[in-house]
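The structure appears below as structure tokens.
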């Protein structure tokens, strides 16, 4: 295990925060709260797997040398958590659509013989007649 907070505190905290943020993103993507679309949820899970995987690699497989610290990588989980709670709040804020009450169709008018007259339509001029 490569975590040694007394010798390399920056590296150790980076690994821990990578794994914590990765697990948080996986949980946000896996929970079907109805606030996020399937695409956002899939992106959360994939990014969380990448963060967790890199954290596991650095913490347990990495044997020294150079490594890359992505400080911007900690902004992505923050924005994803904000997006999750914003979508969840928007979902709970939207009231259910009211049921539309429609009137039944009006009965057709009958003439004296009991038949329904044909509808009256206005004649439509063809383009050749308009010129």
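In the working numbering, the protein residues as written are 562 to 692.
Virtual Cβ for every residue (Gly too), placed ideally from N, Cα, C.
Residue 634 holds the alpha-carbon nearest to the alpha-carbon of residue 609 among 620, 593, 621 and 634. Contact annotation, residue 584 with residue 605: C-beta distance approximately 11 Å; criterion of less than 8 Å not satisfied. Proximity to residue 578 across 650, 639 and 645 peaks at 639, based on C-alpha coordinates.
DSSP places residue 593 in the coil class of the three-state scheme, outside both helix and strand. Residue 600 counts as exposed, since fewer than 16 other C-beta atoms from the protein chains shown sit within 10 angstroms of its C-beta. Nearest to residue 582 by alpha-carbon distance, out of 641, 629 and 647, is 641.
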